[in-house]
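Participant:
In the numbering used here, the protein residues as written are 172 to 334.
(1) Give the list of continuous alpha helix (DSSP H) stretches no shorter than 4 residues that lie fully inside the segment 243-322.
(2) Here's the rule: buried if 16 or more other CB atoms are within 10 angstroms of the residue's CB, otherwise exposed. What is residue 181?
(3) Can you list, in chain order, the residues of its chain whose CB lies under 7 Å from that of residue 259, leaving out five sequence neighbours each side?
(4) Who does residue 205 pair with in a DSSP beta bridge?
(5) Could you tell me the alpha carbon to alpha carbon distance between residue 142 and residue 269, rounded to whole angstroms?
(6) From the DSSP output, which residues share a beta bridge with residue 178?
(7) Determine the direct distance from the alpha carbon of residue 234 to that of residue 290, and round the result to whole angstroms.
(8) My output table needs one value for residue 218: the three-state DSSP class, helix, strand or coil.
(9) Which word fits residue 325, buried or exposed, when buried means at least 16 other C-beta atoms lie within 10 angstroms of its C-beta?
(10) When you compare only the Cα positions, how much space is there between residue 230 and residue 191?
(11) Given that a residue counts as buried once 16 or more other Cβ atoms are within 10 Å of its Cβ, and exposed if not, what is residue 294?
(12) Kindly give me the distance between the Cβ atoms of residue 187 and residue 256, rounded to whole angstroms, as I take these residues to be in contact under 8 Å.
(13) So who's on the other strand from residue 211, going by DSSP bridges?
(14) If we count the other Cβ atoms within 10 Å of its Cβ and call it buried at 16 or more, is residue 302 buried or exposed?
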């Protein structure tokens, strides 16, 4: 594994949306990567497990965003995607000063050079929606979301070796 990246680039499939992420010097790469197993993420991504890397909003700079728009499956959360190619780019709680970037939209060079550091997740949310025998194998801490209280509750803590 190479040193931690200072910055990476990414974007959508058609390149209508392009961005640069400049990581803060104290960015904790392992702690900021997670997966989601909620039905909304499953249906929007077409994937059984949705993987993101959370960064401060201030670390994100769009170099092209002409085709970027947002969809809200729930009132306080936005999902950013390209209107031309449909690539899902991020998930964001509107009241937050952070944004969860879809790791599959990071450029290939960043993934080849720093892939494990950028994508290794030890935190998995909405695990109460896991599919037994299919998505319940991920190593790390498993959480569920409490809709009434609006908080995340630990279901199972598992120690794992990081990247």
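Heads up, the beta-carbon is just placed ideally off N, CA and C, and yes, glycines get one too. This one's a predicted model, so the numbers in the text were calculated from it and none came from an experiment.
Facilitator: Once the coordinates are examined:
(1) 279-290
(2) As a position in the chain shown, residue 181 is number 10, starting the count at 1. Flag for residue 181 reads buried.
(3) Here residue 259 refers to the residue found at position 88 when the chain shown is read from its first residue. For residue 259, where only same-chain residues beyond five positions count, the Cβ hits under 7 Å are 215, 216, 250, 252 and 273.
(4) Walking along the chain shown from the start, residue 205 turns up at place 34. Partner(s): 223 and 294.
(5) No statement about residue 142 is possible, as the shown extent of the chain runs from 172 to 334 and does not include it.
(6) Along the chain shown, one-based indexing puts residue 178 at 7. DSSP output for residue 178 lists 193 as bridge partner(s).
(7) Counted from its first residue, the chain shown places residue 290 at position 119. Counted from its first residue, the chain shown places residue 234 at position 63. Answer to the nearest angstrom: the Cα atoms are 23 Å apart.
(8) Residue numbering aside, residue 218 sits at position 47 when the chain shown is read from its first letter. It is coil, neither helix nor strand.
(9) If you number the chain shown from 1, residue 325 lands on position 154. With fewer than 16 other Cβ atoms within 10 Å, it is exposed.
(10) Numbered from its first residue, the chain shown carries residue 230 at position 59. Numbered from its first residue, the chain shown carries residue 191 at position 20. Those two C-alpha atoms are separated by around 8 Å.
(11) Residue numbering aside, residue 294 sits at position 123 when the chain shown is read from its first letter. Buried, since its Cβ has 16 or more Cβ neighbours within 10 Å.
(12) Taking the chain shown and counting its residues from 1, one reaches residue 187 at position 16. Taking the chain shown and counting its residues from 1, one reaches residue 256 at position 85. 7 Å between Cβ atoms; contact.
(13) The count along the chain shown starts at 1 and reaches residue 211 at position 40. Note: residue 211 sits in no beta bridge, so no partner.
(14) Taking the chain shown and counting its residues from 1, one reaches residue 302 at position 131. When all chains shown are included, residue 302 counts as exposed.
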